[in-house]
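If you're matching positions, the sequence shown starts at 0 in numbering that gives the first Met the number 0 and goes up one per residue.
Where a beta carbon is used, it is the ideal one built from N, C-alpha and C, also for glycine.
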Amino acid sequence: MTDLATPTVEAEVPSDPASDGEAEISSKKSLGIAGWLSVGWLSALAFIVVFADFLPFEDPYAELGTPLLAPGQGGFLLGLDANGRDVLARLVYGGRNSVIISVGSISAGFLIGGLLGLLSGYYRNWIGKVLAGLFDILLAIPALVLALALVAVLKGDPTSGSGMDPLWILVLTLAVVSIPLIARITRASTMAWSQRDFVTAARAQGATDRRILFREILPNVLPAMVYIALLGIAIAIVAEGSLAILGASVEPPETTWGTMIVDGKSQMEDAPFLMFVPIIALFVTVLSLNFLGDAIRDRFDVRESAL
0 MTDLATPTVE AEVPSDPASD GEAEISSKKS LGIAGWLSVG WLSALAFIVV FADFLPFEDP
60 YAELGTPLLA PGQGGFLLGL DANGRDVLAR LVYGGRNSVI ISVGSISAGF LIGGLLGLLS
120 GYYRNWIGKV LAGLFDILLA IPALVLALAL VAVLKGDPTS GSGMDPLWIL VLTLAVVSIP
180 LIARITRAST MAWSQRDFVT AARAQGATDR RILFREILPN VLPAMVYIAL LGIAIAIVAE
240 GSLAILGASV EPPETTWGTM IVDGKSQMED APFLMFVPII ALFVTVLSLN FLGDAIRDRF
300 DVRESAL
């Protein structure tokens, strides 16, 4: 009797949606080459900004040699400016001022605007409506016009010697400009999260408004706020450069990347490096902040879609 071969059927095992989702999340969590380069640049910039006084840089205000000395000559890596000052040292200390202005202003806007956005998004009564109306009014004013008006008011009369330090004037000015934008975005995110089931359950269990805001809603809103804050820092660096072009930035001999670009413009024919060096530093920093912000946004989107 001939044996009949019994055909074997291999059952296809369905993939586990949960494992597929975890694999997708893990693959999207990688920063990639651009992300890690951005982190490296921003980390190096932060280190130089914090420890600039302890690093072997020349005095950024001292006249050290022949004006407009080309990069690499005389032992100066990036050359000398029109006043014979070390361009590398001024790039470092100018970068420190630019970082102080941008990070300081956005940090203040992050705290104040974030808190106001949380309150206006959570409370749907007259408090929320008044705050939302205030945000709309401030956003209706062109940001550059508002910044110039604030700088003019805070500087006071130059002949009397009154007024604030120009550096902190810029910090306060850009903070005021950033508050309504951060608040508006935080408000929209808060309104969306406040309708979730876990917030309704917490409210039904008798949780206080403060607990719901800071323990339930804020951790979910925070990634979007951080993303906007990183973009805000990049925008603030560029905004300071715009104010420098209009003569509303720090005063000599202090410098920022924006004022270095303005000063280098007058020497474009004889020493173009004076303008291109700070432009490259500003461009790489802004690009790095955007890459890092995109990485945070992607991670936030995955978390929200996986709920």
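Beta carbon of residue i nearer than 9 Å to that of residue j
i, j, result
"P312", "L114", "Here the chain has residues from 0 to 306 only, and residue 312 is not among them."
"L291", "L41", "yes"
"S37", "S104", "no"
"R95", "A61", "no"
"L67", "F75", "no"
"P59", "A88", "yes"
"A69", "L130", "no"
"F272", "L110", "no"
"L171", "A107", "yes"
"T65", "G116", "no"
DSSP state of residue i mapped onto helix, strand, coil
i, result
"L76", "coil"
"D52", "helix"
"A85", "Strictly speaking, residue 85 in this sequence is Asp, with Ala absent from that position. Three-state result, D85: strand."
"V284", "The sequence shown places Thr at residue 284, rather than the Val named in the question. Helix, per DSSP."
"R298", "helix"
"G108", "helix"
"L67", "coil"
Residue burial classification, residue i (beta-carbon count within 10 angstroms, cutoff 16)
i, result
"A139", "exposed"
"A203", "exposed"
"P55", "exposed"
"D196", "exposed"
"R123", "exposed"
"G31", "exposed"
"I252", "According to the sequence shown, residue 252 is Pro rather than Ile. By the neighbour-count rule (16 or more Cβ atoms within 10 Å), P252 is not buried but exposed."
"D208", "exposed"
"A151", "exposed"
"F53", "exposed"
CB contact check: residue i to chain B, cutoff 9 Å
i, result
"L44", "Among the protein chains of the structure shown there is no chain B, as only one such chain exists."
Next on the checklist: Does the contact criterion of 3 or more C-beta pairs under 8 Å hold for the segment 257-264 versus the segment 276-283?
Outcome noted: yes
Next on the checklist: Using a Cβ distance threshold of 8 Å, determine whether the segment 212-226 contacts the segment 181-192, with at least three qualifying pairs required.
Outcome noted: Flag = yes, the segment 212-226 and the segment 181-192 touch.
Checklist entry - What alpha helix (DSSP H) runs, 4 residues minimum, are completely inside the segment 152-211? => result 165-192, 196-203
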